[in-house]
Amino acid sequence: MTCDPAFAQVFPLGEPNDAYAQYFTGQSYLAPLVAGTVPVINVSFEPRCRNHWHIHHGTGGGDQILLCTAGSGWYQAEGEAPVSLQPGTVVRVPAGTKHWHGAKANSWFSHLAFFTPAPDLRNEWLEPVTDEEYDKLPADPERG
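Quick note: the sequence shown uses my numbering, first residue 20, plus one each step.
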């Protein structure tokens, strides 16, 4: 799929996310922006693309910060209502929180991902967000 010309973002789209494709429903892209102690990655999602439920683990750190930069998406922690993400929305995901994030059905979506440093930072990938779960969410980026 070619990126929608109306999807303007400040950061590069990046390369197809082939390394983690098995943990996503749909196509995502990664553009590493900063390496080092606090890496920063631009993650872009085609419409309907989302990652699987997952948990970030780390001792004394490992929180994830998501900063929506373009498009419209969703974030949801287990047992909580989904949160609509628009440019400028920031979400802190505490280490140990089961969650997922991705694009709305009719919109591309990009966020910057940051992690607070932890010596043993790792992801635990879990089950996919089913189409049934996902289809309950509003598709129109303007509505939710």
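Glycine included, each C-beta is placed from N, C-alpha and C at the ideal position.
As the structure is a prediction and not an experimental result, all values here were calculated from the model.
Opening and closing residue of the beta strand (DSSP E) in which residue i lies
{"i": "Tyr94", "result": "Gly92 to Ala96"}
{"i": "Leu104", "result": "Val102 to Leu104"}
{"i": "Val110", "result": "Val109 to Val112"}
{"i": "Val62", "result": "Val59 to Phe64"}
{"i": "His71", "result": "Note, His71: premise wrong, no beta strand (DSSP E); not H, not E."}
Test item: CB-CB of residue i and residue j under 7 Å
{"i": "Gly77", "j": "Leu145", "result": "no"}
{"i": "Pro106", "j": "Cys87", "result": "yes"}
{"i": "Gly90", "j": "Ser129", "result": "yes"}
{"i": "Thr36", "j": "Leu52", "result": "The amino acid occupying residue 36 in the given sequence is Asn; Thr does not appear at that position. Going by C-beta atoms, Asn36 is not nearer than 7 Å to Leu52."}
{"i": "Asp82", "j": "Pro113", "result": "yes"}
{"i": "Phe26", "j": "Trp93", "result": "no"}
{"i": "Pro66", "j": "Ala124", "result": "yes"}
{"i": "Arg69", "j": "Thr44", "result": "yes"}
Local conformation of residue i per DSSP, three classes
{"i": "Ala89", "result": "strand"}
{"i": "Gln83", "result": "strand"}
{"i": "Ala164", "result": "Residue 164 cannot be examined here, being either before or after the span of the chain that is shown, 20 to 163."}
{"i": "Ala50", "result": "strand"}
Q | In chain order, each beta strand (DSSP E) run of at least 3 residues that lies wholly inside the segment 119-163 | A | 128-134 and 141-144
Q. Counting Cβ pairs, one atom from each stretch, are 3 or more of them under 8 Å apart for the segment 54-66 and the segment 103-123?
A. yes
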